[in-house]
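Visitor: Numbering (UniProt numbering), first residue to last: 1 to 164. Every residue, glycine too, gets a C-beta built ideally from N, C-alpha and C.
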């Protein structure tokens with residue numbers, strides 16, 4: 001089976017682990033909830049397809065977060081910056097809010113959770129030995145590179161109706 005790129009919530013988790021003190025790693029958890037497969041599959045490139053989109057909530061849970069030692073605002077900024085730089089679907093889907101909860105445990109720690117809505121394509125490329133078969137063609141789960149035009153030149157020729 002082919003290696004597949006980590007899902008966005010997993011990538012965000014990995015990023016946050018690089019920013020949190022190692023002694024805190026064992027109290028930080030992440031998982032997905034409320035998942036849906038959205039049938040938006042389509043041919044994207046000559047040899048790549050979107051099978052569907054995966055829509056889900058990524059939950060980030062910080063157990064007994066030491067809010068006097070690590071600023072919750074710093075954590076919130078890290079999350080938002082990562083989302084802005086890595087989740088291009090947020091703008092397309094007008095998904096601009098990230099709900100969070102903070103429950104104070106005592107004067108030093110609080111439980112914090114963030115619920116982040118994600119939608120990401122599940123893509124595959126043609127592969128004669130691929131483990132997936134779609135319409136008689138074999139595919140392997142993989143990212144596909146999609147090129148988007150930044151600009152386009154258009155020439156228009158208009159006939160003059162008053163000209164013979």
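Going straight from the alpha carbon of residue 5 to that of residue 123, what length do you get?
Guide: Rounded to the nearest angstrom, the two C-alpha atoms are 10 Å apart.
Visitor: On a CA-only basis, which of 141, 46, 37 is nearest residue 54? Give me that one, please.
Guide: The candidate whose alpha carbon is nearest that of residue 54 is 37.
Visitor: So for residue 28, helix, strand or coil by DSSP?
Guide: Strand at residue 28.
Visitor: Do residue 24 and residue 61 have their CB atoms nearer than 9 Å?
Guide: For residue 24 and residue 61, no; Cβs fall outside 9 Å.
Visitor: Identify the continuous alpha helix (DSSP H) that holds residue 91 and give its terminal residues.
Guide: Element bounds for residue 91: 89-92.
Visitor: Is it the case that the Cβ atoms of residue 20 and residue 116 are separated by a distance below 9 Å?
Guide: No. Outside cutoff.
Visitor: According to DSSP, is residue 53 part of a helix, a strand, or is it coil?
Guide: Three-state result, residue 53: strand.
Visitor: Determine the direct distance from the alpha carbon of residue 44 to that of residue 98, and round the result to whole angstroms.
Guide: The alpha-carbon atoms of residue 98 and residue 44 are separated by roughly 30 Å.
Visitor: In the structure shown, what three-state DSSP assignment does residue 85 receive?
Guide: Residue 85: helix per DSSP, three-state reduction.
Visitor: With DSSP as the reference, please indicate the residues paired to residue 170 in a beta bridge.
Guide: This structure does not reach residue 170, given that the chain is present from 1 up to 164, and the question cannot be answered.
Visitor: Output the distance between the C-alpha atoms of residue 156 and residue 92, rounded to the nearest integer angstrom.
Guide: Their Cα atoms are separated by approximately 30 Å.
Visitor: Find the nearest neighbour of residue 10 within the set 56, 107, 90, 41, judged by alpha-carbon distance.
Guide: Nearest C-alpha to residue 10: 56.
Visitor: What is the residue span of the beta strand (DSSP E) that residue 140 lies within?
Guide: Looking at the DSSP string, the run of the beta strand (DSSP E) that includes residue 140 is 137-141.
Visitor: If I follow the unbroken beta strand (DSSP E) through residue 16, where does it start and stop?
Guide: Unbroken run through residue 16 is the alpha helix (DSSP H), 8-19; no beta strand (DSSP E).
Visitor: Go through its chain and collect everything with a Cβ distance to residue 83's Cβ below 8 Å, but skip five positions before and after it.
Guide: So the qualifying residues of the chain are 12, 90, 98, 116.
Visitor: Indicate the three-state DSSP secondary structure (helix, strand or coil) for residue 99 in the structure shown.
Guide: It is coil, neither helix nor strand.
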